[in-house]
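*Asks:* Per this note's numbering, the sequence shown runs over residues 115 to 721.
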Amino acid sequence: MMSMTRNLQAQIASVAVRDHDTGAGSTGPGRPSDDWVLCVRTKPQAGTNKLEVPELLKVPPDDEPWADCLVLANKLESDGFWAQIKHLPPIHVVGKSPDGKYCMVAVASSRFQILRDLDLPFLLGHEHLDVSEPTEGEVKVHGIAEAREKSQRRYVEKAVAGVLSSQHRGLDLYYRDNTKDQSLLLPIEWAILIRDVKAASPEVRSHFYNSCCFLTLHLPNAFDDETSRELINRNDESWMERIESTMMVWPVEGSTMEFHQVSLVRALLESAGGREDTLQRRLDKTRSANENLAILGDLFGVELTEPVSFGRCRASGARQNLSEASDSDDSKAPCKTKDPLGHTAFKCGKRSVMELRDHVALYLPIWFSNAVYEALPADLINDLSHEAVTGAQAMSSYVSRNMTGLGNPESSLPLLIFHCANMSVDNVPLRKWMASAKGKKVYRQLTATLRESQAANQIALCLAALISYDLVLGSADENPGPINGSYLGDFLQQLNGYELNNRRRMWEQMICSFRRVRTCHGIADNWLDTACRTQPSHGLDKFSDWYWEHRSEGTHDFALQKVCDYLDKERDFLRRCGRSGEEDGRDPGEKTGEDLEGKMEEEYVVV
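1) Could you check where the alpha helix (DSSP H) with tyrosine 612 kicks off and where it finishes?
2) Is the beta carbon of phenylalanine 657 sitting closer than 9 Å to the one on arginine 665?
3) Would you be able to state if there are at least three C-beta pairs under 8 Å between the region 546-566 and the region 501-516?
4) Rounded to whole angstroms, what's the CA-CA distance from glutamate 178 to glycine 463? Just pull it up for me.
5) Any idea if valine 586 is buried or exposed, counting beta-carbon neighbours within 10 angstroms, 16 or more meaning buried?
6) Just the C-alpha distance for threonine 293 and leucine 577, rounded to the nearest angstrom, thanks.
7) Whose C-alpha, out of His240, Leu202, Pro204, is nearest the C-alpha of valine 185?
8) Relative to the C-alpha of asparagine 406, which residue among Leu382, Glu351, Gly214, Tyr661 is closest?
9) Buried or exposed: glycine 305, going by 16 or more other Cβ atoms within 10 Å of its Cβ?
10) What's the call for glycine 388, buried or exposed, on a 16-neighbour Cβ count within 10 Å?
11) Can the beta-carbon of phenylalanine 482 be found less than 9 Å from the beta-carbon of leucine 470?
12) Within a Cβ cutoff of 6 Å, which residues of the same chain sit near alanine 314, ignoring the five residues on either side of it in sequence?
13) Could you pull the DSSP bridge partners for lysine 210 from this structure?
14) Less than 7 Å between C-beta atoms, sequence neighbours within five positions excluded: which residues of the same chain meet that for arginine 632?
15) Using 10 angstroms around the beta-carbon of valine 221, count the other beta-carbons present and answer buried if the total reaches 16, otherwise exposed.
16) Look up cysteine 183 in the DSSP assignment and say whether it is helix, strand or coil.
17) To which residues does DSSP link alanine 305 through a beta bridge?
18) Looking at the structure shown, is alanine 222 part of a helix, part of a strand, or coil, going by DSSP?
19) For serine 223, count the other beta carbons within 10 Å of its own beta carbon; 16 or more makes it buried, fewer makes it exposed. Which is it?
20) Please decide whether glutamate 384 counts as near chain B, where near means a Cβ-Cβ distance under 9 Å.
21) Select from Thr370, Ser499, Glu169, Asp286 the residue whose C-alpha is nearest the C-alpha of alanine 403.
22) On a CA-only basis, which of Leu300, Asp233, Glu613 is nearest arginine 290? Give me that one, please.
23) Compute the beta-carbon to beta-carbon distance between leucine 530 and alanine 506, rounded to the nearest angstrom, for a pair I have assumed lies under 8 Å.
24) To the nearest angstrom, how far is it from the Cα of phenylalanine 628 to the Cα of leucine 575?
25) Helix, strand or coil for serine 499? Go by DSSP, reduced to three states.
26) For glycine 209, is the classification buried or exposed, using 16 other Cβ atoms within 10 angstroms of its Cβ as the cut-off for buried?
27) Among Ser211, Asn522, Ser359, which has the Cα closest to the Cα of alanine 485?
28) Note down the Cα distance separating proline 334 from leucine 614, rounded to an integer number of angstroms.
29) Secondary structure at leucine 237, three-state DSSP: helix, strand or coil?
30) Please state whether DSSP places arginine 132 in a helix, a strand or coil.
31) Specify the secondary structure class of isoleucine 205 as computed by DSSP and reduced to three states.
32) Would histidine 533 be called buried (16 or more neighbouring beta carbons within 10 Å of its own) or exposed?
33) Under 9 Å, do leucine 202 and leucine 171 count as touching if we go by C-beta distance?
34) Which runs of the alpha helix (DSSP H) fall wholly inside the region 621-678 and span at least 4 residues, in chain order?
35) With a threshold of 16 other CB atoms inside 10 Å of the CB of asparagine 188, please say whether the residue is buried or exposed.
36) In the DSSP assignment, find the unbroken alpha helix (DSSP H) run with arginine 471 in it and report its ends.
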């Protein structure tokens, strides 16, 4: 009987399995039980199946998930089979458990059965262990602070080495899922990006490095021969060294900007035809186009000295013919071209500067389409957050499809002003632009359009944009009431170019009047509700109401004439207008817009 038992024991293979396979599990918080969970099965004792071992040499598919298991530390440190296979493609040692007894090992999920068949002991289904934390022995020797720094650095170094040496994404996803500390994850993300650059085809790498050069050529304030020559003559290794040096900066205090930087470089790689990685699309959309250029410049060692429009060529001299720019295919040969942008663009798929600019802009938030720049001032949108500009573009697209009269390019700027003014952020770039000479000119142009024949939706948008200036600039009304007898009188003065110290109140009163008598699209009503505070009624609101009623029939002068006709019935207004006409030789019954505005102002003051 004893002999039979020994013979049976000789045929037993012991392998660790998941908790749900046996109903058992690990004990104690964060560590496995001292007694391994075993699954016992009998099989004839033959030699190891050599056909299965080559499976451990194969690279796992990209979409194959990885899981971790625990292995006794001494098994990995001895000369056993675990020690022999721990560096193979589907296996990666992550780190030690806090008590130092076990090692956490990440394995491609399909390889676990092979490990079982090879009778290698391991434990699945264990509680999560943070192997970036120091072991108990390290804490005793170094203290908690120094020990944690050492263990975290060791964790990052192991992860980076594993990612750089891997040829698949399974290990990437494993670390992304299990590294909760974002400061530890950042260098791992850099490693993933760097590996993908180096693993790309020679054509993609060349395109990527030339795209890096193309971007940096936009950064200095003025090109001298020395600056442009240094940039276009950088070799591939020089560009990669600058990226790799960023990966080695650890620990980092904040991670949002650093992850944004990774995302920018990833987008640049994708624009060159490199590998896509949706998990690295973590762009900070609060950044502007100019900020993104500056961030890339900092990475590549070039300072953005003055905000510029992306794609602008600042090299002196006439532009070189593209065929001349491509005379030498030797990327290491010194370049003396007078057109560094054209030369570099041609090396990126034989594109022109314009073509490469538009291509890169599809991936990187550093530029907008030509159509956008034709409708919106570049110095404003390049300084606004990317989400503000794209949000306004989305609004403009929706408005053009659904609102009559607002599908023209002229509506884009008022929509942008209104959209940005009512975002729940302190919009410093918009305030700066509004206070500039260009911003003031746009304000005068918007005011002037109110004299033109416009539909109700167009007037509503114009009013919303004009009052947005006061919302952003924080204009304070010094005068609580009308200055020229009525708010219509103040409105007329504003249209004539006079500065008012009750400008916001005047716009709000005129908007309230407009809402009372004119019918707009529901979206336009929402604009005015958003931008305008409800105002108490004023005794002469009827003049404003009369004005807006007749703006639906024609221009400003036409509506003003109608208001004066109403006044004629209440006052002896025609007689005084007629006397004014006789003095300058006009027909006594003829009245100009200036006459009407002046006479109305007199009446308002009297009232």
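Glycine included, each C-beta is placed from N, C-alpha and C at the ideal position.
These figures come from a predicted structure and were not determined experimentally.
*Replies:* Let me spell this out:
1) Where tyrosine 612 is concerned, there is no enclosing alpha helix (DSSP H), given that its DSSP letter is neither H nor E.
2) Not in contact: phenylalanine 657 and arginine 665 (Cβ atoms no closer than 9 Å).
3) no
4) 35 Å
5) buried
6) 52 Å
7) His240
8) Leu382
9) Here residue 305 is alanine; the residue named in the question, glycine, does not match the sequence. By the neighbour-count rule (16 or more Cβ atoms within 10 Å), alanine 305 is buried.
10) buried
11) No, the Cβ-Cβ distance between phenylalanine 482 and leucine 470 is not below 9 Å.
12) Gly388
13) Cys217
14) Ala570, Trp662, Ser666
15) buried
16) Strand, per DSSP.
17) Its beta-bridge partners do not exist; DSSP assigns none.
18) strand
19) Counting Cβ neighbours within 10 Å, serine 223 comes out exposed, since fewer than 16 surround it.
20) Reference to chain B is not applicable here, since this structure consists of a single protein chain.
21) Ser499
22) Leu300
23) 4 Å
24) 12 Å
25) strand
26) Result: buried.
27) Asn522
28) 43 Å
29) strand
30) At arginine 132 the pLDDT is 35, less than 50, meaning the model places this residue with poor confidence; the figure from the coordinates comes in the next sentence. Arginine 132: coil per DSSP, three-state reduction.
31) Looking at isoleucine 205 - three-state DSSP - the assignment turns out to be strand.
32) buried
33) yes
34) 636-645, 655-665
35) Taking every protein chain shown into account, the CB of asparagine 188 has fewer than 16 other CB atoms within 10 angstroms, so this residue is exposed.
36) 467-475
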